[in-house]
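What follows is one structure encoded as structure tokens, with my remarks underneath.
Number of protein chains: 2
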Amino acid sequence: MHKEHTLTKNQQIIFDLIDKSPEPMKAYSILFNVQKKGIKAPLQVYRALDKLVEIGKIHKIESRNAFIACHNSSCQVSKATAFSICEICEKVTEISSASLSKYLANFKDKDGMKYSKYNLEFFGLCKKCR
Amino acid sequence: MHKEHTLTKNQQIIFDLIDKSPEPMKAYSILFNVQKKGIKAPLQVYRALDKLVEIGKIHKIESRNAFIACHNSSCQVSKATAFSICEICEKVTEISSASLSKYLANFKDKDGMKYSKYNLEFFGLCKKCR
DNA sequence: ATTTAGATTGTTATAATATAACACTATGTA
DNA sequence: TACATAGTGTTATATTATAACAATCTAAAT
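Protein sequences appear in the order of chains G and B. Per this note's numbering, the first sequence runs over residues 1 to 130. Per this note's numbering, the second sequence runs over residues 1001 to 1130.
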């Protein structure tokens, strides 16, 4: 359905790191972790992050300036994202709910406008922190 | 229903500026604009912004690192926000839809968890830019 | 009126996040 | 081969945000 993107070396290194991380990673934390692999400058990280976001392999958690691997097989290229964020432990979970995405994709604002692109962040306490 | 907060001098100056602005304002743009009123340092701005966000007089547009006055009379203290953002002209509009807020407040994730606090940003093209 | 607790202020310094500009290199395709 | 496009490496810098500390204001309770 969609083009498979072959990741470049930097993109792969950075994706692997984020994908293995149990929590969202911040750009400079990523930088610190990949310096031993030859990625030395912030821009190298940000460029890879931009591309990975663009092709849907990772998502940016806007309220946290952090990045998480996409674990929702249906949103590889999607820009329609939803997350829950624990306000205590900062655990972030991607929400993949067909009814939610359907509702939001069909939502019309007061001008009758629909939006296929959105980002939704829910805040609360996760199971463990409740 | 809710406590009226009397704004302090700095808070009032900064709120007035944001409230008059037709578009979201960034912190350092706010700083530049209030320097003639004696607010000289970033922290003075950020502290007022934090408080204004906390009491619901303004909202932060997370994807833009910018602040907009609340024009939704029902969300003075609310943390349940929704916006549409034009990807060309960057116009931001707060969405106040009873059905949307009802849907989101009642949304349950796969653990059955509900969230009273959320932020939703829709992206698309506004009327003028379409 | 005085005390006191909490919020707010002013200030300097610094941390954290992100991009500009430019020359160079790899990769795929005509 | 040669051309276009995307990616790289690098230095410098812009932008966004917070730490720490002393001083001041404000409201409520003596």
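Built from N, CA and C at the ideal position, the CB exists for glycine as well.
Open item on the list: Using a 10 Å radius around the Cβ and a threshold of 16 neighbouring Cβ atoms, would you call B/Ile1088 buried or exposed?
Closed with: Locating residue 1088 of chain B in the second sequence gives position 88, counting from the first residue. Label assigned to B/Ile1088: exposed.
TODO: Could you check what DSSP says for G/Lys108 in three-state terms: helix, strand or coil?
DONE: Position 108 of the first sequence, counted from the first residue, corresponds to residue 108 of chain G. G/Lys108 falls in the strand class under three-state DSSP.
TODO: For G/Lys127, return the contacting residues in chain B, with the cut-off set at a CB-CB distance below 7 Å.
DONE: Numbered from its first residue, the first sequence carries residue 127 of chain G at position 127. By Cβ distance, chain B contributes Asp1111.
Task: Reference B/Ala1066, options B/Ile1030, B/Leu1043, B/Ser1078, closest by Cα - done: Numbered from its first residue, the second sequence carries residue 1066 of chain B at position 66. When each option's Cα is compared against that of B/Ala1066, the closest is B/Ile1030.
Open item on the list: Assuming the contact rule is C-beta atoms closer than 8 Å, B/Ala1069 and B/Leu1120 should be a hit. Round their C-beta distance to whole Å, please.
Closed with: On the second sequence, residue 1069 of chain B is found 69 positions in, with the first residue counted as 1. On the second sequence, residue 1120 of chain B is found 120 positions in, with the first residue counted as 1. Not a contact, Cβ separation roughly 18 Å.
Open item on the list: With H, G and I counted as helix, E and B as strand and the rest as coil, what does DSSP make of G/Asn137?
Closed with: This structure leaves residue 137 of chain G out entirely; chain G is present only between 1 and 130.
Task: Best match in B/Lys1040, B/Gly1038, B/Ile1058, B/His1071 for proximity to B/Leu1007 [C-alpha to C-alpha] - done: Locating residue 1007 of chain B in the second sequence gives position 7, where the first residue counts as 1. With distances taken between Cα atoms, B/Leu1007 lies closest to B/Ile1058.
TODO: Determine the closest residue to B/Tyr1115 out of B/Ser1078, B/Phe1123, B/Gly1124, with distance taken between C-alpha atoms.
DONE: Within the second sequence, residue 1115 of chain B is the residue found at index 115, counting from 1. Looking at the Cα atoms, B/Ser1078 is the closest of the given residues.
Task: CA-to-CA distance, B/Pro1022 to B/Lys1040, given in whole angstroms - done: Locating residue 1040 of chain B in the second sequence gives position 40, where the first residue counts as 1. Locating residue 1022 of chain B in the second sequence gives position 22, where the first residue counts as 1. Approximately 24 Å between the Cα atoms of the pair.
Open item on the list: So with CB distances below 9 Å, who are the chain G contacts of B/Phe1015?
Closed with: By one-based count along the second sequence, residue 1015 of chain B stands at place 15. Chain G residues near B/Phe1015: none, gap ~22 Å exceeds 9 Å.
Open item on the list: Going by DSSP, what residue range makes up the alpha helix (DSSP H) through B/Ala1041?
Closed with: Within the second sequence, numbered from 1, the residue matching residue 1041 of chain B stands at position 41. It is not in any alpha helix (DSSP H) - B/Ala1041 carries neither H nor E in the DSSP assignment.
Open item on the list: Any contact between the region 1088-1106 of chain B and the region 1042-1054 of chain B? By contact I mean 3 or more CB pairs, one from each, below 8 Å.
Closed with: no
Task: Residues that DSSP places opposite B/Leu1120 in a beta bridge - done: The residue labelled residue 1120 of chain B in the question sits at position 120 within the second sequence. Its beta-bridge partners are G/Leu120, B/Ala1082.
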